[in-house]
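Notes follow once the structure below has been shown.
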Amino acid sequence: MKNEYAPRMHKIKKIINETPTVKSFIISKPFKKFTPGQFVQVTVPGSGEITLGITSPPKASTLKITVNKVGNVTKKMHELLVGDLIGIRGPYGNGWPKLNDKKIIMIAGGVGIVPLKPLIHELKGEVELYYGAKTREDLLFYDELKKIVKKTEFTVDEKTGNSNCNVGVVTEICKNVNCENSVALVCGPPVMMKFVVKTLKQQGFKNEQIYLSLERLMQCGIGMCEHCRVGKKLVCQDGPVFRYDEIKNFYEVET
Numbered sequence: 035m036k037n038e039y040a041p042r043m044h045k046i047k048k049i050i051n052e053t054p055t056v057k058s059f060i061i062s063k064p065f066k067k068f069t070p071g072q073f074v075q076v077t078v079p080g081s082g083e084i085t086l087g088i089t090s091p092p093k094a095s096t097l098k099i100t101v102n103k104v105g106n107v108t109k110k111m112h113e114l115l116v117g118d119l120i121g122i123r124g125p126y127g128n129g130w131p132k133l134n135d136k137k138i139i140m141i142a143g144g145v146g147i148v149p150l151k152p153l154i155h156e157l158k159g160e161v162e163l164y165y166g167a168k169t170r171e172d173l174l175f176y177d178e179l180k181k182i183v184k185k186t187e188f189t190v191d192e193k194t195g196n197s198n199c200n201v202g203v204v205t206e207i208c209k210n211v212n213c214e215n216s217v218a219l220v221c222g223p224p225v226m227m228k229f230v231v232k233t234l235k236q237q238g239f240k241n242e243q244i245y246l247s248l249e250r251l252m253q254c255g256i257g258m259c260e261h262c263r264v265g266k267k268l269v270c271q272d273g274p275v276f277r278y279d280e281i282k283n284f285y286e287v288e289t
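Each residue of the sequence shown is one higher than the last, beginning at 35 in this note's numbering.
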């Protein structure tokens with residue numbers, strides 16, 4: 035009997051060096067469909083398992099996962115070569131909701147752009163994107179996003195080279211967004227989301243107009259270990275995407 039929680043092994047078909055610390059890995063698509071914002075559990079043989087977002091469009095024939103080198107398992111994954119094997123479980127989680135007839139405002143920090151990118155493709159770029167990172171070189175998929183997104187604003191902490199990005203925190207470039215008939219989709223480091231939520235509420239956004247993708251450490255991905263609990267919610271089962279009014283009493287992003 036097939037165990038749906040056992041990882042399925044796949045050969046790496048292509049590796050893309052996105053930045054000095056971020057790589058994308060492309061494999062054959064291990065499942066027929068997924069919802070933008072869902073995640074997979076990736077096994078690096080001999081090293082362990084990590085939770086990663088999906089970067090590729092839902093209709094793509096391959097699966098692209100983007101990995102920031104921040105720990106032992108991700109470091110080992112960065113050492114893999116084309117032809118090496120990785121294990122995949124998933125997809126898991128709820129993903130971004132269907133938001134028909136709403137203006138979509140996306141706000142991302144660093145690798146927080148990863149779970150938003152499949153939705154950008156699904157919406158054919160009909161969104162407003164406000165994206166910040168440390169330097170221009172750390173803005174993932176910069177050229178592609180400039181081409182496919184209807185409206186983009188980029189900001190960096192440090193200006194390098196001939197970058198024409200804004201300099202400053204991401205809240206500076208999204209402080210004038212219009213809340214009327216809009217929803218905000220936010221993903222990034224917790225401290226960034228804290229101040230983004232505060233800024234959005236100052237612009238008139240209600241709690242139910244704000245959605246967060248929580249980047250919490252998950253282990254099993256199937257709700258067994260409860261390592262990712264937020265109040266009464268499990269990020270891997272009930273999330274990772276939450277409407278802010280669902281979690282505001284447990285997930286302190288607002289001052």
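All residues carry an ideal CB built from backbone N, CA and C; glycine is no exception.
Using C-beta distances below 8 Å, list every residue in its chain close to residue i, excluding the 5 sequence neighbours before and after it, in chain order.
| i | result |
| --- | --- |
| N106 | S81, G82 |
| I154 | M140, V161, L163, L179, I182, V183 |
| Q236 | K209 |
| P125 | F65, F68, T69, Q72, F73, V74, I88 |
If you reduce the DSSP assignment to three classes, tell me which class residue i lands in.
| i | result |
| --- | --- |
| V211 | coil |
| L150 | helix |
| N106 | helix |
| F68 | coil |
| K184 | coil |
If we count the other Cβ atoms within 10 Å of its Cβ and call it buried at 16 or more, is residue i buried or exposed?
| i | result |
| --- | --- |
| S247 | buried |
| P79 | exposed |
| Y165 | buried |
| I50 | exposed |
| L150 | buried |
| P223 | exposed |
Could you pull out every residue in the same chain whose Cβ sits closer than 6 Å to the Cβ of residue i, ignoring the five residues on either side in sequence?
| i | result |
| --- | --- |
| V217 | L133, K136, Q243 |
| D191 | K168 |
What is the rounded straight-line gap between the Cα of residue i and the Cα of residue j?
| i | j | result |
| --- | --- | --- |
| G265 | N200 | 37 Å |
| K282 | G117 | 44 Å |
| V211 | L234 | 8 Å |
| G257 | E113 | 30 Å |
| D172 | E214 | 32 Å |
Excluding sequence positions up to five away, which residues of its chain have a Cβ less than 7 Å from the Cβ of residue i?
| i | result |
| --- | --- |
| T55 | N102, K103 |
| C108 | The amino acid at residue 108 is misidentified as Cys; the sequence shows Thr. Counting only Cβ-Cβ distances below 7 Å, and skipping sequence neighbours, we find I84, V101, N102. |
In chain order, which alpha helix (DSSP H) runs of at least 4 residues are fully inside the segment 201-262?
You should have 204-207, 224-236.
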